[in-house]
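Participant: Supplied in structure tokens, the structure appears directly below.
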Amino acid sequence: MKIITSVILLALGMATFGAAQANAATVQITIKNTAEQDGIWIMRPWIGLHDGNFPTYMVGQPAASGIQHIAEDGVSGDTTNPTLLSGPPNVCAGDPTVYNTANPCQYDIFAAYSGGSQQVTIGGPTAPGGTLVATLTVDPLNLKSQYLSFIVMLVPSNDAFFGTDSAHPIRIYDSNGLFNGGLGPIRFKVSNATLFDAGTEVNTESSTDTAFFGQTVPGTGTHPDVIPVIHRHPGFGPLVLHGFNIYPGSQLNHFDRANTGSNVAEVTITELP
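For what it's worth, the numbering used here labels the leading residue of the sequence shown as 546, then goes sequentially.
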């Protein structure tokens, strides 16, 4: 009887493992900087898979500390995937009035969320024409893997960013485990009209307190902004637009605040064969 029971349990375990393997799918997220040459850079996207209820941000509300650290410094606090990271350190540390236990980074906030399955941070400062890619293995039937959120910093800026808000995560799998409801890849463009200001730091655009523009300590700046909630980014001023060097030496000669129809990035999410 013990032998038979062991065989049955082993068979059940193998069946469960086989089902998990059968449900595995590979999702690729590509974020391309489509700004004009010498235009805006993008910085180190944070990406998270969850149940659809993870709070990122809402326009008109104060930014959570995770959004603040990404928007101001490009820091998510994720150091678990060093092969996917480049550029400045992604350590959750800096000015102690901004980086402290009461103001955790996005990585720790998401890790504490019970409805999340996995997260990743990729790349570093990326010039126009550059592409950042993340590839994740997911279970399409896992309710915690059916929605995707992402946040990306704009470089150089005091606290500009774009990404999915709390109310509009991207549904990548339906309840039957079908990618995008069977409609194929998910593609969309990010225009100048959908760029946001975190409202956490005054837009001085000074070399002393603007990340990748000369700032040496993350969190440096005047906090909060005059408008202390998330709002549409007002556009870059003359310090950035008129030929001043940015990381690592480009110029923002083609990013005008009046050019509301321009595209900054293109996002593509696909399920690989």
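Where is the CB? At the ideal position from N, CA and C, for every residue including glycine.
Keep in mind that this is a model prediction, so the values were computed, not measured.
#1: Buried or exposed: where does residue 572 fall if 16 or more other Cβ atoms within 10 Å of its Cβ makes it buried?
#2: Starting from residue 610, follow the alpha helix (DSSP H) in both directions and report where the run begins and ends.
#3: What are the partner residues of residue 694, as DSSP defines its beta bridges?
#4: Looking only at its own chain, which residues have a Cβ that is under 6 Å from the Cβ of residue 708, when we skip the five neighbours before and after it?
#5: CB residue 654 to CB residue 611, shorter than 7 Å?
#6: Whole angstroms is fine: what's the gap from residue 794's alpha carbon to residue 721's?
#7: Is residue 594 closer than 7 Å to residue 659 when the C-beta atoms are compared?
#8: Bridge partners of residue 812, per DSSP?
#9: Express the C-alpha separation of residue 724 and residue 745 in angstroms, rounding to a whole number.
#10: Using DSSP bridges, identify the partner residues of residue 671.
#11: What are the residues that DSSP puts in a beta bridge with residue 699?
#12: Using 10 angstroms around the beta-carbon of residue 713, count the other beta-carbons present and answer buried if the total reaches 16, otherwise exposed.
#13: How would you label residue 704, buried or exposed, when you count the other beta carbons within 10 angstroms and need 16 or more for buried?
Facilitator: On the basis of the supplied data:
#1: Working through the sequence shown from its first residue, we reach residue 572 at position 27. When all chains shown are included, residue 572 counts as buried.
#2: The sequence position of residue 610 within the sequence shown is 65, counting from 1. It spans 610 to 618 - the alpha helix (DSSP H) in which residue 610 sits, taken as one unbroken run.
#3: On the sequence shown, position 149 is the one that residue 694 refers to. BP columns for residue 694 point to 593.
#4: Start at 1 with the first residue of the sequence shown, and residue 708 comes out as number 163. Counting only Cβ-Cβ distances below 6 Å, and skipping sequence neighbours, we find 695, 696 and 697.
#5: As a first step, residue 654 must be located in the sequence shown, where it is residue number 109. As a first step, residue 611 must be located in the sequence shown, where it is residue number 66. Yes, the Cβ-Cβ distance between residue 654 and residue 611 is below 7 Å.
#6: Here the question's residue 794 lines up with position 249 in the sequence shown. Here the question's residue 721 lines up with position 176 in the sequence shown. In this prediction, residue 794 has a pLDDT of 48, which is less than 50 and means its spatial position is unreliable; nothing more can be read from the coordinates.
#7: Looking up residue 659 in the sequence shown gives position 114. Looking up residue 594 in the sequence shown gives position 49. Going by C-beta atoms, residue 659 is not nearer than 7 Å to residue 594.
#8: In the sequence shown, residue 812 corresponds to position 267, counting from 1. Per DSSP, 576 and 733.
#9: Here residue 745 refers to the residue found at position 200 when the sequence shown is read from its first residue. Here residue 724 refers to the residue found at position 179 when the sequence shown is read from its first residue. Taking the straight line joining both Cα atoms gives about 36 Å.
#10: Counted from its first residue, the sequence shown places residue 671 at position 126. Its beta-bridge partners are 587.
#11: Your numbering for residue 699 matches position 154 in the sequence shown. 587.
#12: Locating residue 713 in the sequence shown gives position 168, counting from the first residue. Exposed: under 16 other Cβ atoms inside 10 Å.
#13: Working through the sequence shown from its first residue, we reach residue 704 at position 159. Residue 704 should be labelled buried.
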